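Going left to right, the sequence shown walks through residues 278 to 525 as our numbering numbers them.
Ideal placement from N, C-alpha and C gives every residue a C-beta, glycine not left out.
Keep in mind it's a predicted model, so treat the numbers as computed, not measured.
Quick notes on the structure that follows.
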Amino acid sequence: MRIKTLLLTGLLSSALLIQGCTAMLWSTEGPLRFGGDLTREESKPGRVVKQDQLRGFVQVQSPDNPAATQLMVVGKDHAYLMQQGQDQAKALIDSGLDVSQWRVSLNKNNDFKLNFYLQEPKKDAPQQLNFNTQMVFYFNQANPTSQQLIALDKIGAKLSDIEVENGLTIHVYSMVVDFNGQVVGLNKQLRAIKYQQFSRDYPIVMYSPNKSVTHVNYGTLFKQIALTPFTLIGDVVLVPLLFISGVL
278 MRIKTLLLTG LLSSALLIQG CTAMLWSTEG PLRFGGDLTR EESKPGRVVK QDQLRGFVQV
338 QSPDNPAATQ LMVVGKDHAY LMQQGQDQAK ALIDSGLDVS QWRVSLNKNN DFKLNFYLQE
398 PKKDAPQQLN FNTQMVFYFN QANPTSQQLI ALDKIGAKLS DIEVENGLTI HVYSMVVDFN
458 GQVVGLNKQL RAIKYQQFSR DYPIVMYSPN KSVTHVNYGT LFKQIALTPF TLIGDVVLVP
518 LLFISGVL
């Protein structure tokens, strides 16, 4: 009887040991994790889903409400309505500084592109395509006057080193603006404007979100947006301040 009990105890211990080893083999947590990750989430980089060509920058000025000015980036295929961040841009435009001296800097290591990062369309507005981007504006004037320095300080511009297209580095006042906006369709007013002629092409490159939860047919979405002209409430005015240059 004692021998039988010992045998049963041994068999039970062996079974528990095997079960424990199996659990350790499949474990994905704790210090004794031998199984590794059965599933894992990967942050996939966004892919290019659309390219446009920069034509210019405009302000939409409402005659009834001057404070409701909107800033838009205009491309060949679409327009890009700036929403969050446009107050900073408007402060720059209304600063009293010579608008012809302002520049938009682009990354020379990125082929002088404007990169727009698309956001996942919301379920309640699947036809609305939003984006975020960052732009660096700099005041291209050496030795600003005391009045200009006061105006630059008021809008938050700081001294920084900017590398221009010819490889030279200039020490100028600049400001960084983070924009959120919406891709919209061009209308007759936006198409009719005579935009400044750039010395080269400046692509607007749009990237899908880093991690897409749902499949988005961007080709169809961009076509639908292009076929829906944006309604402008006010007059369209070309903004001459935003000439392009390179940046570090």
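Provide the residue span of the beta strand (DSSP E) that contains residue i, from first to last.
i           : result
residue 426 : Element bounds for residue 426: not the beta strand (DSSP E) but the alpha helix (DSSP H), 423 to 431.
residue 326 : 325 to 338
residue 391 : 391 to 395
If you run the structure through DSSP and keep just helix, strand and coil, what is residue i?
i           : result
residue 501 : helix
residue 419 : coil
residue 441 : coil
residue 312 : With a pLDDT of only 44 at residue 312, under 50, the local geometry of the prediction cannot be trusted, and no value is derived from it.
residue 411 : strand
residue 496 : helix
residue 377 : helix
residue 486 : coil
Rounding to the nearest angstrom, what Cα-Cα distance links residue i and residue j in this structure?
i           : j           : result
residue 461 : residue 498 : 11 Å
residue 445 : residue 439 : 8 Å
residue 376 : residue 368 : 12 Å
residue 501 : residue 447 : 43 Å
residue 481 : residue 392 : 6 Å
residue 422 : residue 323 : 44 Å
residue 399 : residue 458 : 14 Å
residue 346 : residue 411 : 20 Å
residue 449 : residue 408 : 29 Å
residue 420 : residue 496 : 48 Å
residue 484 : residue 349 : 19 Å
residue 441 : residue 401 : 44 Å
residue 360 : residue 380 : 20 Å
residue 430 : residue 416 : 12 Å
Assuming residue i is part of the alpha helix (DSSP H), what are its boundary residues?
i           : result
residue 370 : 363 to 370
residue 466 : 465 to 469
Of all the options the options, which has the alpha carbon lying nearest to the alpha carbon of residue i?
i           : options            : result
residue 328 : 366, 469, 423, 356 : 356
residue 351 : 323, 363, 456, 335 : 335
residue 479 : 470, 383, 404      : 383
residue 428 : 372, 358, 404      : 372
residue 463 : 456, 473, 503      : 503
residue 456 : 325, 483, 358      : 358
residue 413 : 430, 435, 401      : 435
residue 425 : 374, 360, 337, 325 : 374
residue 337 : 370, 494, 326      : 370
residue 326 : 406, 416, 473      : 406
residue 494 : 469, 473, 404      : 404
Which same chain residues end up closer than 7 Å to residue i when comparing Cβ atoms and leaving out the 5 residues on each side of it in sequence?
i           : result
residue 353 : 329, 330, 332
residue 486 : 323, 395, 396, 397
For residue i, which residues of its own chain have a beta-carbon under 8 Å away from its beta-carbon, when the five flanking residues on both sides are left out?
i           : result
residue 365 : 432, 433, 452, 454
residue 284 : Note that residue 284 scores 45 on pLDDT, short of 50, meaning its location in the model is unreliable; the coordinates nonetheless yield the value given after this. Same-chain partners within the cutoff: there are none.
Suppose the cutoff is 6 Å on Cβ atoms and the five residues either side in sequence are ignored; what does the same chain contact list for residue i look like?
i           : result
residue 418 : 378
residue 437 : 451
residue 390 : 480, 482
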